[in-house]
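J.: Residue numbers for the sequence shown follow the numbering used here, so the first one is 1451 and each next one is one higher.
One structure, as C-alpha cells, below. Some questions next.
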Amino acid sequence: MATDKQTAANRENAQHSTGPTSQEGLEASSWVNAWRHGLAVKDHERFSLLIDENREKFDELQQRLNDEYLPTSETEVLLVRHMAQSEWLRARALRLQNDLLQDRGVNVDPAKLAIFIRYQTTHERAFHRSLKELLTFRQQRRNLEIGFESQKLKQAAEVRAVEGMNLKKEAQILKREEFEFKKTVIRTKKEVPPPVEISPGDLKMAA
1451 MATDKQTAAN RENAQHSTGP TSQEGLEASS WVNAWRHGLA VKDHERFSLL IDENREKFDE
1511 LQQRLNDEYL PTSETEVLLV RHMAQSEWLR ARALRLQNDL LQDRGVNVDP AKLAIFIRYQ
1571 TTHERAFHRS LKELLTFRQQ RRNLEIGFES QKLKQAAEVR AVEGMNLKKE AQILKREEFE
1631 FKKTVIRTKK EVPPPVEISP GDLKMAA
C-alpha cells in the first residue's frame, strides 16, 4: 500500500504528465492521435496515405471513378476526388476492423472497434454525399443549358416571325406598286391620241 508521501509524489508527477494544456498543444496532440489510423480527416486537403498503403492502388481507384463519371469542370473534378478519398478511408476503416479482430481474437477492444465502425459509416456517407452533390451540380448545369437553348430557340422564332412580317409587308407594298403601275399604264393609254392614217394621195399632195 502506498504511503502518504508516495501518494503525494504520484499526484505531483501526474500534474506534469496530463498532456498539453495550451490550445496549440491540444490541437497538435489531437491531430497526431487522429493520424494514428488516419480516419479522422475533417477536410480532404489533409487526406494522405498510410505507410503500408499503396499509392498506385489509390490512383487506380481515382482513375476508375474519373472514367465512370467523366468530370468536365473543376467542381466535378473535386467532387470525384472526394469520392475516391472517402471510399479509400471507408476501406481503411474496414481493414482496421479486420486487423483488430485477427490480432486480438476474443480480447477485442470494443472502444477501438466502435471507432473504426463509426468512421466506416462516416466515410460511406461522405462518399454518397459527394456523389449526390456531383449529380445535383450536373442536373443544375443541364437545366441552365436547356434554359439557354430554349431562350435561343425562342429568340430565333421571334426573329423568324419578324422576318415573316417584313416579307408580308414587302409583298403588300409590291402588290400596291404593281396596282398603281397598271393604273398609270391604263391612264396613259387613254390620254395618248390615236395615230393619224396618211394615204398615198396625201403624200403626193404634200410633195
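From the three backbone atoms N, C-alpha and C, an ideal C-beta is built for every residue, glycine too.
This structure is a prediction, so every number in the text was calculated from the model and none was measured.
Between which two residues does the alpha helix (DSSP H) holding Asp1509 run?
T.: Taken as a continuous stretch (DSSP letters only), the alpha helix (DSSP H) holding Asp1509 covers Arg1505 to Tyr1519.
J.: Given that a residue counts as buried once 16 or more other Cβ atoms are within 10 Å of its Cβ, and exposed if not, what is Ala1561?
T.: Counting Cβ neighbours within 10 Å, Ala1561 comes out exposed, since fewer than 16 surround it.
J.: So what's Thr1634 in DSSP terms, helix, strand or just coil?
T.: In this structure, Thr1634 counts as helix in the three-state DSSP scheme.
J.: Nearest-angstrom Cα distance between Glu1574 and Thr1522?
T.: Each residue's Cα considered, the two are about 24 angstroms apart.
J.: If you measure between the beta carbons of Phe1577 and Arg1545, is that distance less than 8 angstroms?
T.: Result no, Cβ atoms of Phe1577 and Arg1545 do not sit closer than 8 angstroms.
J.: Take Phe1508 as the anchor and find which of Arg1542, Glu1526, Ser1580 and Ala1607 has the nearest alpha-carbon.
T.: Comparing Cα-Cα distances from Phe1508 to each of Arg1542, Glu1526, Ser1580 and Ala1607, the minimum goes to Arg1542.
J.: DSSP three-state label for Gly1614, please.
T.: The answer is helix: DSSP assigns Gly1614 an H, G or I state.
J.: Rounding to the nearest angstrom, what Cα-Cα distance links Asn1620 and Glu1599 in this structure?
T.: Sequence inspection shows Glu at residue 1620; the Asn mentioned does not correspond to that position. Near 31 angstroms, if we compare the C-alpha coordinates of Glu1599 and Glu1620.
J.: Given that a residue counts as buried once 16 or more other Cβ atoms are within 10 Å of its Cβ, and exposed if not, what is Met1615?
T.: It is exposed - the Cβ of Met1615 has fewer than 16 other Cβ atoms within 10 Å.
J.: State the DSSP-derived secondary structure class of Asp1549, mapped to helix, strand or coil.
T.: Three-state result, Asp1549: helix.
J.: Please identify the residue among Leu1550, Val1612 and Thr1572 whose C-alpha is closest to the C-alpha of Leu1563.
T.: Comparing Cα positions, the closest option is Leu1550.
J.: Quick check: what's the CA-CA separation for Gln1547 versus Tyr1519?
T.: Cα-Cα distance, rounded: 30 angstroms.
J.: Under a three-way DSSP split, which group does Val1558 fall into?
T.: Val1558: coil per DSSP, three-state reduction.
J.: Roughly how many angstroms lie between the CA atoms of Ile1501 and Thr1571, to the nearest whole one?
T.: The alpha-carbon atoms of Ile1501 and Thr1571 are separated by roughly 23 angstroms.
J.: State the DSSP-derived secondary structure class of Ile1596, mapped to helix, strand or coil.
T.: The answer is helix: DSSP assigns Ile1596 an H, G or I state.
J.: Taking only the alpha-carbon atoms, compute the straight-line gap between Ala1607 and Glu1627 and give it to the nearest angstrom.
T.: Rounded to whole angstroms, Ala1607 to Glu1627 spans 30 angstroms at the Cα level.
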